[in-house]
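Colleague: As numbered in the numbering used here, residues 73 to 286 make up the sequence shown, in order. From the three backbone atoms N, C-alpha and C, an ideal C-beta is built for every residue, glycine too. Before I ask anything, let me first share the structure, which is written out below as C-alpha cells.
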Amino acid sequence: MADIDNFEYKLENIESKNTKSRKELDKKYREQESILNDMWKGLSNKDWDQSLKYFGTLVDNSGHILEIVKGQNEIVQDNISITRDVLKLLRNSRRNTELLRYSDWITDLIQEINNKLDNIEDDANTSIQLLRKILDEVSITLDEFELLMALKWKSNDEFHIKESQTEAEALETLKPESFSELQCFVEPLRKAINAVKFGEIISCLYIFLPIRAF
C-alpha cells in the first residue's frame, strides 16, 4: 500500500509540473508570434533600430522556450521512470500471487499428519515434541513449518493449481528467483512438496504453533 501511495504522490507531482510547463510554453509561443510580427513590421518600415530591438527580444524568448522544453523532457523521463517502477511492482505482485497457489501441497501434508495423529491424545507440549521429531525426518524446521502454515492461511480459494500439476512440475517452477518478496517461503514449500512426493509424513499441529504475522 505504501508503494502505491508513493506512486500516486509522484504521479500527482508530475501532473502538476506538466500543467505548469504547458501553460508557460503556450504563453511563450504567443509572445513569440507577437515579437515576430512586430519585427517584420519594423523590417517592412525599414526601422532597423526597432527591428534589432525585437530581434534581441526574440532571442531571449527563444531561450526561455528552450528551457521550458528541457523541463518537459525531464517530466517525460520522470514519467518513464515511474512507469517502470509500477511495472516492476505489478510483475513482483503477480509472481508472489503465483506462489500462493502452491498451498494445496501444504493441505496434502496437513492431511497426512492428521491421519497419523488421529489416535494421539496428549497435551500441547508433548504434541509439539512429536511434531519436531516428525519434521526432523523430512528436514523441515519448526520455523519453516510456521512459514508453511502462514502461507496456507495467506492464500484463498482462487489459488489452486495442484490438481493440474505434478510434483515434478511444481518443483521445477518453484524457484527463489521467481518470487521476489516471498523467497523465504520457497525452500520450506519445496521440502513440503518433496515430503508429499515421497510419501513421508509430517505434522500439522498448527493450532499449537505461534504463526508470525507478515
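DSSP on asparagine 90, reduced to helix/strand/coil?
Modeller: In this structure, asparagine 90 counts as helix in the three-state DSSP scheme.
Colleague: Around the Cβ of tyrosine 81, are there at least 16 other Cβ atoms within 10 angstroms (buried) or fewer (exposed)?
Modeller: Tyrosine 81 is exposed by the Cβ-count criterion.
Colleague: Should lysine 95 go down as buried or exposed, given a rule of 16 or more other Cβ atoms within 10 Å for buried?
Modeller: Lysine 95 comes out exposed.
Colleague: Below 8 Å on the Cβ atoms is my contact criterion, and I expect isoleucine 147 with lysine 89 to pass it. Report the Cβ-Cβ distance as a whole number of Å.
Modeller: That belief holds up - the Cβ atoms of isoleucine 147 and lysine 89 are roughly 5 Å apart, short of 8 Å.
Colleague: Does DSSP put isoleucine 212 in a helix, a strand or coil?
Modeller: Coil at isoleucine 212, not helix or strand.
Colleague: Given this structure, state the Cα-to-Cα distance separating glutamate 84 from leucine 159, to the nearest angstrom.
Modeller: Roughly 18 Å separates the two Cα atoms.
Colleague: Per DSSP, what kind of secondary structure is lysine 142 in: helix, strand or coil?
Modeller: Reduced to three states, the DSSP call for lysine 142 is helix.
Colleague: Using only the alpha-carbon positions, how far apart do tyrosine 101 and serine 116 sit?
Modeller: Each residue's alpha carbon lies about 23 Å from the other.
Colleague: Which term fits leucine 207, buried or exposed, when burial requires 16 or more other beta carbons within 10 angstroms of its beta carbon?
Modeller: With 16 or more Cβ atoms within 10 Å of its Cβ, leucine 207 is classed as buried.
Colleague: In whole angstroms, what is the alpha-carbon distance linking glycine 143 and serine 123?
Modeller: Glycine 143 and serine 123: Cα-Cα distance of roughly 30 Å.
Colleague: Should leucine 207 be flagged as near chain B, meaning a C-beta pair shorter than 8 Å?
Modeller: Judged by its chain identifiers, the structure shown contains no chain B, having just a single protein chain.
Colleague: Output the distance between the C-alpha atoms of threonine 91 and lysine 118, rounded to the nearest integer angstrom.
Modeller: Approximately 41 Å, taken between the alpha carbons.
Colleague: Just to confirm before moving on: does the CB-CB distance between aspartate 157 and phenylalanine 79 stay below 8 Å?
Modeller: Yes.
Colleague: Please state the DSSP three-state secondary structure of lysine 113.
Modeller: Looking at lysine 113 - three-state DSSP - the assignment turns out to be helix.
Colleague: Output needed for arginine 204: all residues of its chain with C-beta closer than 7 Å, excluding positions within five of it in sequence on either side, in chain order.
Modeller: Leu214.
Colleague: Short of 7 Å in beta carbon distance, which residues of its chain neighbour asparagine 151, apart from the five on each side in sequence? Order them along the chain.
Modeller: If we look at asparagine 151 and ignore the five residues flanking it on each side, its Cβ neighbours are Ile86.
Colleague: Starting from the C-beta of leucine 298, find all residues in its chain whose C-beta is less than 7 Å away, skip the five residues before and the five after it, and write them out in chain order.
Modeller: Nothing can be reported for residue 298, as the shown portion of the chain is limited to 73 through 286.
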